[in-house]
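In what follows, a single structure is set out as structure tokens and then discussed.
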Amino acid sequence: MDDARHTHDADCDGSWVEREALARAAGTPLPRRGGRRPEADLPEEDEVRAAVRTLIRWTGDNPDREGLVDTPDRVMRSYREMYAGYDVDPREYLERTFEEVGGYDELIVLKDIRFVSVCEHHMLPVIGKAHVAYLPTDRVVGISKLARVVRGYARRLQIQEKMTSEIAKAIQEVLQPQGVGVVIEAEHSCMTLRGVNAPGTSLTTSHLIGVIRDDGRTREEFLRLVRG
Ligand SMILES: [Zn+2]
Numbered sequence: 001m002d003d004a005r006h007t008h009d010a011d012c013d014g015s016w017v018e019r020e021a022l023a024r025a026a027g028t029p030l031p032r033r034g035g036r037r038p039e040a041d042l043p044e045e046d047e048v049r050a051a052v053r054t055l056i057r058w059t060g061d062n063p064d065r066e067g068l069v070d071t072p073d074r075v076m077r078s079y080r081e082m083y084a085g086y087d088v089d090p091r092e093y094l095e096r097t098f099e100e101v102g103g104y105d106e107l108i109v110l111k112d113i114r115f116v117s118v119c120e121h122h123m124l125p126v127i128g129k130a131h132v133a134y135l136p137t138d139r140v141v142g143i144s145k146l147a148r149v150v151r152g153y154a155r156r157l158q159i160q161e162k163m164t165s166e167i168a169k170a171i172q173e174v175l176q177p178q179g180v181g182v183v184i185e186a187e188h189s190c191m192t193l194r195g196v197n198a199p200g201t202s203l204t205t206s207h208l209i210g211v212i213r214d215d216g217r218t219r220e221e222f223l224r225l226v227r228g
């Protein structure tokens, strides 16, 4: 399993709230909430097509043959979809909440949220499912929103560990529940298609916050619901 773990730098993993607070304190512009870099820094479409042609040549094939002429355009369009997470701030999905919870104070668990992401080390697909839970305080969020949060963070260049904690922290910061639990199981194409060629292996990561981390009974219940 060690081979499956991606190493990564301790990069800008701080929350938006922390980053905004730092920016305010320093008097610098607030960080952009969507993941996308400034518009001016995006390449022209022609540059993107040329880059895809270069990669086709690198395979040994001929980008001018009939079956491949339109491929750069298709790749460009599919990138828009696969990387649509850069256009959104998934935290915004959580801002509309319902406060009439009728005294409900048990775990809310959404299991088996299927997602496709892309590993940032090899740009190969990571396909898996996320289980997301929280223990509400006084408000809940529409369940489809939890799936949207997963998708928003998945559709970027990612590493699974970071994605797991980004989802958990977003829920914690916006909903401020008593606890959050996120477990992700995924298969990494960079392991199953190439490299160590280990089909069928999957990587499991988790990020637990608040009572789901600290209270043994709640943690057990969460893990039982996720495994069950
Ligand atoms: Zn990889």
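Taken in order, the sequence shown gives residues 1 to 228; the numbers are from UniProt numbering. For each residue, glycine too, the CB sits at the ideal point set by N, CA and C.
DSSP places L223 in the helix class (H, G or I) of the three-state scheme. Separation of L107 and A147 (C-alpha to C-alpha, rounded to the nearest whole angstrom) is 17 Å.
In this structure the segment 184-191 does not touch the segment 210-224; the number of beta carbon pairs closer than 8 Å is below three. Of V52, L124, G67 and S206, the smallest CA-CA separation from V132 is found for S206. Residues with their Cβ less than 5 Å from any non-hydrogen atom of ligand 1, running along the chain, are C119, H121, H122 and C190. Contact between the segment 127-145 and the segment 168-182 is present, with at least three C-beta pairs closer than 8 Å. Ranking R114, Q160 and L124 by CA distance to the CA of S144 puts R114 first. Rounded to the nearest angstrom, the gap between the Cα atoms of V75 and A198 is 27 Å. Three or more beta-carbon pairs separated by less than 8 Å link the segment 109-129 to the segment 153-172, which places the two stretches in contact. In the three-state scheme derived from DSSP, where H, G and I count as helix and E and B as strand, D105 is classed as coil.
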